[in-house]
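All remarks here apply to the structure that follows.
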Amino acid sequence: MRKSEDFLDIKGSSITGVVDKKERNDLLSLAQMEDISFEIKKIPFNISNAIHDVILSMEAAVTDKHIQLTCSIEPDVMIKSDPERIKQVIAILFENAIKYTNENGKIDLSLMKSKRHIVFSIKNTGKGIGKQDLPRIFDRFYRADPSRTQETDGYGLGLSIAKAIIERLGGEIRAESVENEYAAFTLTLGL
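For the sequence shown, this note's numbering assigns the number 2 to the initial residue and increments by one for each residue that follows.
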């Protein structure tokens, strides 16, 4: 019996290490975005493909929760920005959408291009965000509802990281929600 207890202790400490590493990486990302001397590498890349890559990386989580995923991604949209940071933001928003979508819920993703900018939006059904919480949703360590903290993991850094990255890249991110119906995030970036 001791062997299985030892195994569980090892597994538990490994999981804790992974969570601690993610928290450290999140804090590092936030610090980098606030450091004016940290260099952003803007290069031309296909944001449509980047979004599809993020979707594919999280496909299992969508399937596990039986989420209906609708994508309206304009193909071959090229922008000049930091591809890794853009993927990071898309992943944060998509991960949150999956996390807060009820089983059998729905997530809608879209990417549209105009003459001067792109607009990416993600909307998920579920609890949404309370009107009183919406102004603070991008604050560091902010968790909208204490009951959500118990139901989901995380430290409340994801959205503040996403906002810091998008602002550093010269874009804008905003949220809207109707409590107990949906939450939606929209980011706008120049081409």
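Note that beta-carbon positions come from the ideal geometry of N, C-alpha and C, so glycine has one too.
- Leaving aside the five residues that flank alanine 98 on each side, the residues in its chain whose CB is nearer than 6 Å to its CB run, in chain order, Ile108, Ile123, Asn125.
- Contact between valine 55 and phenylalanine 95 holds: CB atoms are separated by about 6 Å, below the 8 Å threshold.
- By the neighbour-count definition (other C-beta atoms within 10 Å, threshold 16), arginine 117 is an exposed residue.
- Relative to the Cα of glutamine 133, the nearest Cα in the group Leu170, Asp65, Val179 belongs to Val179.
- Around the beta carbon of isoleucine 44, fewer than 16 other beta carbons lie within 10 angstroms, which makes this residue exposed.
- A check of alpha carbon separations from isoleucine 74 across Ile87, Ala51, Ile93, His67 identifies Ala51 as the nearest.
- Under the three-state reduction of DSSP, glycine 131 is assigned to coil, being neither helix nor strand.
- If you draw a straight line from the Cα of phenylalanine 46 to the Cα of tyrosine 183, it is about 31 Å long.
- The continuous beta strand (DSSP E) containing threonine 126 extends over residues 118 to 126.
- A distance below 7 Å separates the beta carbons of serine 161 and arginine 141.
- In the DSSP secondary-structure assignment, isoleucine 44 is bridged to Ser82.
- A residue is called buried once 16 or more other Cβ atoms fall within 10 Å of its Cβ, and leucine 57, having fewer, is exposed.
- Assigned with DSSP and collapsed to three states, threonine 102 falls in coil, not helix or strand.
- For phenylalanine 95, the secondary structure class from DSSP, reduced to helix, strand or coil, is helix.
- For the 7 Å CB-CB criterion, serine 49 and valine 90 do not form a contact.
- At the C-beta level, alanine 185 and glutamate 177 come within 7 Å of one another.
- Going by DSSP, serine 73 is part of the beta strand (DSSP E) stretching over 69 to 74.
- Excluding its 5 nearest sequence neighbours in each direction, arginine 175 has C-beta neighbours in its own chain below 6 Å: Thr187, listed in chain order.
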